[in-house]
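The structure appears right after this line, and notes come after that.
Chains as they are written, first to last, in the working numbering: chain A, 61 to 381; chain B, 61 to 381.
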């Protein structure tokens with residue numbers, strides 16, 4: 061069977077549309093459907109399917125339940141994070157707690173997490189213990205990442221190393237977990253499981269650093285959302301933490317002022333550019349893309365599969381949206 | 061080995077004290093420890109241990125991970141329910157969202173659910189698939205119960221049948237699940253698993269109806285909390301729903317008035333007593349206790365174990381606190 065990346069989205073969309081929800085309290089699942097229907101890149105389930113196919117050379121359909129588990133888990137975290145962050149928009153639509161209310165978002169999120177666990181177990185066969193161990197450990201690390209992210213909001217002394225560990229936990233381990241689930245299902249060796257998980261982790265770091273870059277230096281027409289949100293929110297990204305370290309006489313006073321958003325964004329960007337943080341942030345993202353590609357060298361796969369994973373790694377640090 | 065109910069609490073407390081929490085974001089787990097340390101009856105993990113020992117005639121220690129999973133899950137639901145219900149006190153102490161804040165309660169609750177899943181999988185061996193299926197299905201039913209409970213607050217036409225289904229889902233299925241996990245681990249037959257789960261479900265209904273009764277007719281000195289909270293909150297319990305049906309000319313106007321709490325409680329209790337709802341509520345609870353005991357007749361166990369489960373069923377509908 062030829063490795064065909066185009067089929068992954070169809071498999072995922074069909075699986076999402078085929079979910080059978082319990083019927084006793086149907087309104088519990090309306091927010092779940094709403095969240096899943098709002099799209100997103102489907103990056104995590106795509107990784108599970110792609111890794112499974114690349115390593116087993118079997119139909120990616122066979123990994124669809126675990127791919128769905130990862131997508132459900134990811135959307136559950138968005139649902140609860142949006143409550144915690146008081147976010148009003150997600151993918152251009154009102155967040156669940158805004159469209160309904162906090163209680164609906166909390167309870168439907170809980171149901172989504174359990175639904176994810178249910179799909180994880182489906183047709184897991186002999187791999188159930190390893191899949192569960194990976195899924196639960198990953199889930200716990202994501203909460204730890206979110207906890208650190210919230211704690212960083214109240215701290216002024218966050219280091220770049222701490223920031224990198226936070227985004228590793230909050231974002232990258234889930235990509236690593238998505239890859240590992242596919243590898244476990246494919247019956248891959250421990251060494252290959254670790255290599256593809258390392259690929260996912262590096263991919264996630266490249267992806268997140270590029271996300272930070274896009275929020276400050278992206279083209280709003282292409283990026284699809286407003287530029288400068290992180291600056292306005294004083295979000296401690298790689299850019300702000302590095303900027304505060306390297307321009308201690310300028311940046312703290314600028315962000316302490318009560319400037320209009322546009323003026324604040326302009327002044328902060330100016331400092332970032334003087335320090336070449338735009339270029340340096342991208343360089344670190346590219347370093348992680350290269351690291352991800354390097355991880356692939358430990359894994360035997362056909363050329364189409366390798367190209368797919370290499371392209372994904374390159375896109376992570378070069379994407380414009 | 062003689063069946064010794066007194067050891068169950070020690071096993072559970074020791075297991076709770078032995079939990080090893082991840083160390084990257086330790087404050088994530090402070091509310092988990094706080095919640096677990098606040099005690100409670102430990103009824104659910106006791107059921108898991110007791111069923112395992114009764115059916116396997118082996119040490120209940122062998123079921124401790126799954127017992128802990130059930131206790132963690134139960135405490136997770138309390139944590140999130142308290143946010144949704146804006147409850148300020150739980151077991152005499154400030155609730156997590158009051159002591160910390162909503163975000164802490166949401167995220168630590170999520171971590172507690174995943175921790176429950178992790179313990180469920182520990183030493184599960186060949187039974188992992190059946191344990192997971194039971195645990196996840198039960199968890200989903202509990203959310204459905206909570207969803208119905210919240211929906212009932214905004215409805216004036218809730219029937220007794222709907223109320224019984226709601227408390228079955230919100231409370232009883234978890235007791236049924238606690239029993240079934242013990243039976244699965246013991247390698248019991250499908251028939252025995254179903255019988256002991258039916259026992260747990262009937263026990264839960266007896267327990268909840270007695271809870272409704274205690275909240276209105278209990279002795280505050282013994283019950284340990286204020287009497288009449290359900291009446292003040294117009295909570296649609298068996299008592300209120302039946303009362304509204306049978307005294308349509310009196311009760312709706314009383315609860316629509318803006319009376320002082322004491323006066324409201326006194327007037328509503330007066331109507332309940334005229335309708336003999338105090339006696340009738342207890343009779344239904346006792347009916348479920350008898351049903352629970354009847355379920356035991358399908359199961360072969362030694363006399364000490366049978367006495368233990370029979371006493372538990374009788375206590376459910378006769379307890380004073």
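Built from N, CA and C at the ideal position, the CB exists for glycine as well.
Span of the alpha helix (DSSP H), counted from its first residue to its last, around residue i
i	result
residue 178/A	162-181
residue 314/A	311-316
residue 276/B	250-277
residue 293/B	Looking at the DSSP string, residue 293/B is not in any alpha helix (DSSP H), and its letter there is neither H nor E.
residue 116/A	103-116
residue 73/A	66-77
residue 133/A	124-145
residue 186/A	Per DSSP, residue 186/A belongs to no alpha helix (DSSP H) and is neither H nor E.
residue 326/A	321-334
residue 280/A	280-283
residue 338/A	337-356
residue 369/B	363-376
residue 308/A	Element bounds for residue 308/A: n/a, residue is neither H nor E.
residue 94/B	90-97
residue 81/A	No alpha helix (DSSP H) contains residue 81/A, which DSSP labels as neither H nor E.
residue 381/A	No alpha helix (DSSP H) holds residue 381/A; DSSP gives it neither H nor E.
residue 156/A	156-159
Inter-residue Cα distance where the pair is residue i and residue j
i	j	result
residue 224/B	residue 147/A	37 angstroms
residue 63/B	residue 269/B	29 angstroms
residue 345/A	residue 159/B	40 angstroms
residue 278/B	residue 381/B	8 angstroms
residue 194/B	residue 237/B	7 angstroms
residue 74/A	residue 306/B	51 angstroms
residue 77/B	residue 97/B	9 angstroms
residue 182/B	residue 192/B	11 angstroms
residue 130/B	residue 231/A	29 angstroms
residue 274/B	residue 283/B	7 angstroms
residue 242/A	residue 68/B	40 angstroms
residue 206/B	residue 226/B	8 angstroms
residue 387/A	residue 188/A	Residue coverage of chain A in this structure runs from 61 to 381, which leaves residue 387/A outside it and unanswerable.
residue 308/A	residue 315/A	11 angstroms
residue 25/B	residue 204/B	Given that chain B is displayed from residue 61 to residue 381, the structure contains no residue 25/B and the question cannot be resolved.
residue 157/A	residue 371/B	45 angstroms
residue 319/A	residue 341/A	25 angstroms
residue 136/A	residue 72/A	17 angstroms
residue 118/A	residue 184/A	15 angstroms
Residue closest to residue i, alpha-carbon to alpha-carbon, out of the options
i	options	result
residue 94/B	329/B, 213/B and 151/B	151/B
residue 114/B	369/B, 375/B, 379/B and 380/B	369/B
residue 214/A	296/A, 373/A and 255/A	296/A
residue 276/B	136/B, 327/B and 76/B	327/B
residue 324/A	293/A, 76/A and 309/A	293/A
residue 271/A	375/A, 76/A, 192/A and 242/A	375/A
residue 65/A	89/A, 92/A and 112/A	112/A
residue 201/A	89/B, 372/B and 260/B	89/B
residue 133/A	318/A, 347/A, 198/A and 243/A	198/A
residue 99/B	321/B, 379/B, 116/B and 153/B	153/B
residue 196/A	205/B, 188/B, 206/B and 173/B	173/B
residue 373/A	259/A, 317/A, 339/A and 319/A	259/A
residue 107/B	118/B, 204/B, 163/B and 240/B	240/B
residue 367/A	339/A, 246/A, 110/A and 343/A	110/A
residue 164/B	138/B, 91/B, 190/B and 203/B	91/B
residue 351/A	379/A, 340/A and 255/A	255/A
residue 87/A	70/A, 161/A and 149/A	161/A
Cβ distance (whole Å) where residue i is taken to contact residue j below 8 angstroms
i	j	result
residue 266/A	residue 377/A	4 angstroms
residue 208/A	residue 229/A	7 angstroms
residue 235/A	residue 261/A	7 angstroms
residue 244/A	residue 190/A	5 angstroms
residue 116/B	residue 246/B	4 angstroms
Residue i at chain C interface by Cβ criterion, 8 angstroms
i	result
residue 207/B	Structure shown: chain C not included; protein chains present are A and B.
- Query: Are the region 138-151 of chain A and the region 166-173 of chain A touching by the rule of at least three beta carbon pairs closer than 8 angstroms?
  - Reply: yes
- Three or more C-beta pairs below 8 angstroms linking the region 121-130 of chain B and the region 178-194 of chain B: At 8 angstroms Cβ cutoff, the stretches touch.
- Query: Is the region 328-341 of chain B close to the region 351-369 of chain B, with three or more CB pairs under 8 angstroms?
  - Reply: no
- Message: Whether or not the region 102-122 of chain A and the region 77-94 of chain B are in contact is what I'm after, with contact meaning three or more pairs of Cβ atoms, one per stretch, closer than 8 angstroms; do they touch?
- Response: no
- Message: Using a Cβ distance threshold of 8 angstroms, determine whether the region 279-288 of chain B contacts the region 247-257 of chain B, with at least three qualifying pairs required.
- Response: no
- Three CB pairs or more closer than 8 angstroms across the region 360-378 of chain B and the region 320-332 of chain B: Three or more Cβ pairs closer than 8 angstroms define a contact, and the region 360-378 of chain B falls short of that threshold against the region 320-332 of chain B.
- Query: Between the region 300-308 of chain B and the region 215-223 of chain B, are three or more C-beta pairs nearer than 8 angstroms?
  - Reply: yes
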